[in-house]
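All residue numbers for the sequence shown refer to my numbering, where the first residue is 1 and numbers rise by one.
I have placed the structure first, in the form of C-alpha cells, so that the comments after it can refer back to it.
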Amino acid sequence: MTETEVFNVLSQIPDPEIPVISIKDLGILQGVKIENNQVFIDITPTYSGCPAMKLVEDLIHESLAGKGFDSVQVISKLTPVWTTDWLSDDAKRRLEEFGIAPPEKTSPNKSWLSAEGPKIIRCPLCKSENTIMVSQFGSTACKAHYKCADCLEPFDYFKCI
Ligand SMILES: [Zn+2]
1 MTETEVFNVL SQIPDPEIPV ISIKDLGILQ GVKIENNQVF IDITPTYSGC PAMKLVEDLI
61 HESLAGKGFD SVQVISKLTP VWTTDWLSDD AKRRLEEFGI APPEKTSPNK SWLSAEGPKI
121 IRCPLCKSEN TIMVSQFGST ACKAHYKCAD CLEPFDYFKC I
C-alpha cells in the first residue's frame, strides 16, 4: 500500500462520537508516512482530554491490521492546535443534519462564550435562532446543550475553539 492508499483507508474512519463525519473531515487525520514498511500516522487531538482520541487510535490500528506492515505508530501532534475551523463545510452540513449545531467560525479575540454572551446558535431541526443554552456541557465535554424555544427540541452545539 502507498501512503495515499493508507490515507484513503484511514479517511473512512468515522469519528467515534459523531458517526456522520470522518476523522479526516474533522481535521484529526493529518498525514501518513511509510518508511521501511513502518507506518507513521500524524493525528491532531481535538478537545484536549477528549476520551474519544484513544478510541480513534484503536480504530486506526484496527483498520491497518493485517495489511502487511511491520508496525503502525500513531503520533499525536499538539501543534498547531486543532480548531473547529478545520471542519470542512461539508462536515458542518452533515453535523447539522445529524442534529448537532455546527461551530461558528472562530475569531482570535472571541471565545465561544465571549464577554458579549453566548452567540446565536441556530436550531439544527427547525433553523430557528430563538435558542437557549441549557448547559455548557452537552452529551460530551466538547458540546454545549441547547434547547430551541420554537420547536422545543433539545440539541447539542459543537463548541468552537
Ligand atoms: Zn427548533
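Heads up, the beta-carbon is just placed ideally off N, CA and C, and yes, glycines get one too.
Predicted model, so just to flag it, every value in this text is computed and none were measured.
- The beta carbon of L125 sits closer than 8 Å to at least one heavy atom of ligand 1.
- Taking 9 Å as the cut-off, the beta carbon of L59 is found closer than this to the beta carbon of P16.
- Your pair G27 and T44 checks out as a contact, with CB atoms roughly 7 Å apart and the cut at 8 Å.
- Per DSSP, reduced to three states, the secondary structure at F69 is coil, with no helix or strand assignment.
- Closer than 8 Å to some heavy atom of ligand 1: that describes the Cβ of T131.
- As the crow flies, the alpha-carbon of I100 is around 17 Å from that of T46.
- Burial check for C126: the Cβ neighbour count within 10 Å stays below 16, so the residue is exposed.
- Assigned with DSSP and collapsed to three states, V39 falls in strand.
- In terms of Cβ geometry, K24 and E3 do not form a close pair [threshold 9 Å].
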